[in-house]
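Heads up: take any position in the sequence shown, counting from 1, add 7, and you land on the working numbering. C-beta atoms are modelled at their ideal positions from N, C-alpha and C, and glycine is treated no differently.
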Amino acid sequence: MNKLNSQRIDLNIVFPLFDGPNMRFIILASMLSIIPSLVVADDLRGTIIDGSGKPIGGARIDISTAAPKSGPAIFCPSCYLDCAKSAVSGEQGSFEIRDVSPDLQFRLVVTAVDKITVATSLIDPSIETPEITLQDFPADVSSDHLVHGVVRSELGVPVSGALIDAWGATSNGRRWRGRVDGAATVVSDDQGRFRMLLTEDYEEIDLQVTADGYAGVISEPLNPGDESHAIVLPSGAVVKGKVVQDGRPLPGEPIAVVQVNRGRLKKIFLKAILTTTDQDGSFEFTALPADDQYAVFTPVEVGSKGPVIPTGLFALKEDGSTLDLGVLEAAKGVTISGAIKVSGQSALPDAIAITLDRMPAWDLIEVPVDDDGRFEMTNLPPETYEVRLKVKGFALDHEKMNYQLIDSTTIAVRLDKSIEDIDVWMRPLDADETALDQQSSAERLSRDATGNQKLSGIVVDVHGQPVPNLKLTPKQSVWGPVFNRFSKRTKSDGSFSFEGLPDVPLELFFYNDNVRGYPLGDQLVSALYPGLFRCKLNQSDIRIVYDSQLAIKPNEIADTDE
Numbered sequence: 008m009n010k011l012n013s014q015r016i017d018l019n020i021v022f023p024l025f026d027g028p029n030m031r032f033i034i035l036a037s038m039l040s041i042i043p044s045l046v047v048a049d050d051l052r053g054t055i056i057d058g059s060g061k062p063i064g065g066a067r068i069d070i071s072t073a074a075p076k077s078g079p080a081i082f083c084p085s086c087y088l089d090c091a092k093s094a095v096s097g098e099q100g101s102f103e104i105r106d107v108s109p110d111l112q113f114r115l116v117v118t119a120v121d122k123i124t125v126a127t128s129l130i131d132p133s134i135e136t137p138e139i140t141l142q143d144f145p146a147d148v149s150s151d152h153l154v155h156g157v158v159r160s161e162l163g164v165p166v167s168g169a170l171i172d173a174w175g176a177t178s179n180g181r182r183w184r185g186r187v188d189g190a191a192t193v194v195s196d197d198q199g200r201f202r203m204l205l206t207e208d209y210e211e212i213d214l215q216v217t218a219d220g221y222a223g224v225i226s227e228p229l230n231p232g233d234e235s236h237a238i239v240l241p242s243g244a245v246v247k248g249k250v251v252q253d254g255r256p257l258p259g260e261p262i263a264v265v266q267v268n269r270g271r272l273k274k275i276f277l278k279a280i281l282t283t284t285d286q287d288g289s290f291e292f293t294a295l296p297a298d299d300q301y302a303v304f305t306p307v308e309v310g311s312k313g314p315v316i317p318t319g320l321f322a323l324k325e326d327g328s329t330l331d332l333g334v335l336e337a338a339k340g341v342t343i344s345g346a347i348k349v350s351g352q353s354a355l356p357d358a359i360a361i362t363l364d365r366m367p368a369w370d371l372i373e374v375p376v377d378d379d380g381r382f383e384m385t386n387l388p389p390e391t392y393e394v395r396l397k398v399k400g401f402a403l404d405h406e407k408m409n410y411q412l413i414d415s416t417t418i419a420v421r422l423d424k425s426i427e428d429i430d431v432w433m434r435p436l437d438a439d440e441t442a443l444d445q446q447s448s449a450e451r452l453s454r455d456a457t458g459n460q461k462l463s464g465i466v467v468d469v470h471g472q473p474v475p476n477l478k479l480t481p482k483q484s485v486w487g488p489v490f491n492r493f494s495k496r497t498k499s500d501g502s503f504s505f506e507g508l509p510d511v512p513l514e515l516f517f518y519n520d521n522v523r524g525y526p527l528g529d530q531l532v533s534a535l536y537p538g539l540f541r542c543k544l545n546q547s548d549i550r551i552v553y554d555s556q557l558a559i560k561p562n563e564i565a566d567t568d569e
């Protein structure tokens, strides 16, 4: 994150991990939310020492995950904005990470040159001041369990304090990108040098390298051993602009950018980056990964009365380039309000949670729910929202709503104007559904599995009119394979039928494959908004709602290179 290049704003921002249907045909990463705290922020303080009790100066302390001090955790643990914060210990080993959420407790990852990285347990900054011990890096490690090298800038200048994580590996002929066990995070020294200890056998390791003031990079596969690897950090690109309302500059307004394509594992992804506008309404983001597509948006704050900008799209070019987005006009947002209701009963369950997800904006908003089930969220940017209901033992009752299902707990709503008094119906799960949701190791069928199951029904739009030529593909519930060989389209009257399907609980993907996305720069941005319908065995009365307006393209902002 560009912590040194953006102004700090005291907001608690959340990036939940998203696990939608088949990765929703695009990897949607878990989203960004701003939830204000009504009490004073905490400062996280502590001390770093070595094995003999001596203070360690220059250690890097990063917040890795967080969890609520009380109540359920509805967002992913590594995705709070506080998880982008870090500090460096002083000569006496002390450190301070200022203005963390008072509602959270934190795990830290502590790294120092020639020391073994330590990951702490959860720490409550309001009552704990941890003393963290780093042991010496072992001296007798064989070279095939070490990856080492130097991090430099494009000009060849060593980069100190770079954070180096393993982000892929090859082991026993198997290749993957992502988490690597037995490879602790390390930092580069004042000469840009680093050493990573591998406690397991790997033929190759991919490294993700980030540093303040640089765009970050994911390396090519590197071999453990005696060879010193050179990693070059790109300078990145700059984007700037100005926010106004009725022609007047808006100072102090939060604004964010995020990469649109989040499903790539070969290119670094920085999540959302925030700043605030200065006195004349101007903003600037530096060291953004170049040759990439972005969304610029207003992150939504619960209860906020400030103006919002429509989400816009732009493309950045080469490293060293500057893109001026020009003047972005802000206005008052729209409102969604309504009530949660339970089919067949009047009493509401405890611990109801509603969130609003945005795409391509990286923004997940927690919606307060009253005791009587009423909710209201005001001042939202006009666009598509996914309304996600999280209540243990319940699912949405799709038969009572004319909104498109994204999955069994989520509907999608297009908010071009305010929608008030929306009824969100939910129903208790039956015994079979409960067992299905609780299963952890159901037998996965092969993709070419068959059986005797039949499914049939109709697809309609939000007005109840038939939707022809919509593609449907069955898959095994919940985490099973997709059966592409059975894919088919709805008929002219919106009807469909399947035969010979595997005799297991199934779900139906439905999507318009004629809407492949919209061009942005040289790439294609997904605009599918696929849905997922969970079927009963041999169900013959399926009714699916499809909304073609969900995938309306955000404005593409004209670029001006300097």
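Roughly how many whole angstroms lie between the Cα atoms of Val-511 and Glu-260?
Distance between the alpha carbons of Val-511 and Glu-260 is about 52 Å.
How many whole angstroms separate the CB atoms of Leu-515 and Ser-484, which I take to be in contact at a CB cut-off of 8 Å?
The beta carbons of Leu-515 and Ser-484 sit about 10 Å from each other, so the pair does not count as a contact at 8 Å.
Any idea what DSSP makes of Thr-72, helix, strand or coil?
Strand at Thr-72.
Beta-carbon proximity check, Gly-340 vs Val-315, cutoff 8 Å
Cβ atoms of Gly-340 and Val-315: closer than 8 Å.
Here's the rule: buried if 16 or more other CB atoms are within 10 angstroms of the residue's CB, otherwise exposed. What is Ile-564?
Per the 10 Å Cβ criterion, buried.
Count the other C-beta atoms from every protein chain shown that fall within 10 angstroms of the C-beta of Lys-407, then say buried if there are 16 or more, exposed otherwise.
It is exposed - the Cβ of Lys-407 has fewer than 16 other Cβ atoms within 10 Å.
Cα-Cα separation between Asp-57 and Phe-102, rounded to whole angstroms
So the alpha carbons of these two residues sit roughly 15 Å apart.
Cβ shell of Asp-404 (< 7 Å), same chain only, five flanking positions each side left out
Taken in chain order, the residues that qualify are Ser-350, Trp-432, Met-433 and Arg-434.
Ala-94 and Ile-104 closer than 8 Å at C-beta:
Closer than 8 Å, so yes.
Given this structure, state the Cα-to-Cα distance separating Leu-396 from Asp-468, to the nearest angstrom.
Linking Leu-396 to Asp-468 through their CA atoms gives a straight-line distance of about 22 Å.
For the stretch 311 to 339, which segments carrying the beta strand (DSSP E) assignment without a break, of at least 3 residues, lie completely within its bounds, in sequence order?
Residue ranges of uninterrupted beta strand (DSSP E) with 3 or more members, entirely inside the stretch 311 to 339 and ordered along the chain, are 319 to 323 and 329 to 336.
Euclidean distance between Cα positions of Pro-317 and Ala-244
Going from the Cα of Pro-317 to the Cα of Ala-244 covers about 23 Å.
CA-CA distance, Pro-367 and Asp-89?
Between Pro-367 and Asp-89, the C-alpha separation is close to 22 Å.
Assign Ala-558 to one of two classes, buried (16 or more other C-beta atoms within 10 Å of its C-beta) or exposed (fewer than that).
In the assembly as shown, Ala-558 is a buried residue. Its beta-carbon has 16 or more other beta-carbons within 10 Å.
Tell me where the beta strand (DSSP E) around His-155 begins and ends.
Here the beta strand (DSSP E) through His-155 covers 153 to 160.
For a quick check, are the C-beta atoms of Val-107 and Pro-132 less than 8 Å apart?
Taking 8 Å as the Cβ cut-off, Val-107 and Pro-132 qualify as a contacting pair.
Whose C-beta lies closer than 6 Å to the C-beta of Gly-286 among residues of the same chain, with five residues either side of it excluded?
Position check: residue 286 holds Gln in this sequence, whereas Gly was assumed. Answer for Gln-286: Pro-258, listed in chain order.
Would you give the residue range spanned by the beta strand (DSSP E) that Phe-517 belongs to?
For Phe-517, the uninterrupted beta strand (DSSP E) run begins and ends at 513 to 518, by DSSP.
Rank Asp-188, Ala-169 and Gly-248 by C-alpha distance to the C-alpha of Gln-215 and give the top, closest one.
The shortest C-alpha separation from Gln-215 is found at Ala-169.
The stretch 285 to 304 in contact with the stretch 216 to 226 per 3-pair CB rule at 8 Å:
Yes, since at least three Cβ pairs between the stretch 285 to 304 and the stretch 216 to 226 fall closer than 8 Å, the two stretches touch.
Where His-236 falls: helix, strand or coil (DSSP):
Residue state, collapsed to three classes: strand.
Round the Cβ separation of Ile-238 and Val-187 to the nearest angstrom and send it over; I've been treating them as touching at under 8 Å.
About 16 Å; that fails the 8 Å criterion.
Alpha helix (DSSP H) runs wholly inside the stretch 253 to 291, at least 4 long, in chain order:
Counting only runs of 4 or more, we get nothing.
Here's the rule I'm using: 16 or more other beta-carbon atoms within 10 Å means buried, otherwise exposed. How should Lys-122 be labelled?
Its Cβ being crowded by 16 or more others within 10 Å, Lys-122 is buried.
Could you spell out the range, first to last residue, of the beta strand (DSSP E) harbouring Gly-507?
That run of the beta strand (DSSP E) goes 502 to 508.
For my contact list, Leu-141 and Val-120 are in at a C-beta cut-off of 8 Å; report their separation, rounded to the angstrom.
In this structure Leu-141 is not in contact with Val-120, their Cβ atoms being roughly 10 Å apart against a cut-off of 8 Å.
What would DSSP say about Arg-454, mapped onto helix, strand or coil?
In the three-state reduction of the DSSP assignment, Arg-454 falls in the coil class, being assigned neither a helical nor a strand state.
Does the stretch 191 to 204 come close enough to the stretch 146 to 162 that 3 or more CB-CB pairs lie under 8 Å?
Touching, yes.
Option in Asp-172, Glu-427 and Trp-486 with minimal Cα separation from Val-194
It is Asp-172.
Please state whether DSSP places Thr-140 in a helix, a strand or coil.
Note: Thr-140 maps to strand in three-state DSSP.
State the DSSP-derived secondary structure class of Gln-546, mapped to helix, strand or coil.
The three-state secondary structure of Gln-546, taken from DSSP, is coil.
Which whole-angstrom value describes the C-beta separation of Asp-50 and Pro-109, a residue pair presumed to lie in contact below a C-beta threshold of 8 Å?
Their Cβ separation, rounded to whole angstroms, is 10 Å, which puts Asp-50 and Pro-109 out of contact at 8 Å.
Where Val-489 and Gly-60 are concerned, what is the direct C-alpha to C-alpha distance, given to the nearest angstrom?
Between Val-489 and Gly-60, the C-alpha separation is close to 56 Å.
Identify every residue that forms a DSSP beta bridge with Val-187.
According to DSSP, Val-187 bridges with nothing at all.
Where do the N-terminal and C-terminal ends of the beta strand (DSSP E) with Pro-570 fall, by residue?
Coverage of the chain is limited to positions 8 through 569, which leaves residue 570 absent and any answer about it impossible.
According to DSSP, simplified to helix, strand and coil, what is Asn-491?
In the structure shown, Asn-491 falls within a helical segment according to DSSP collapsed to helix, strand and coil.
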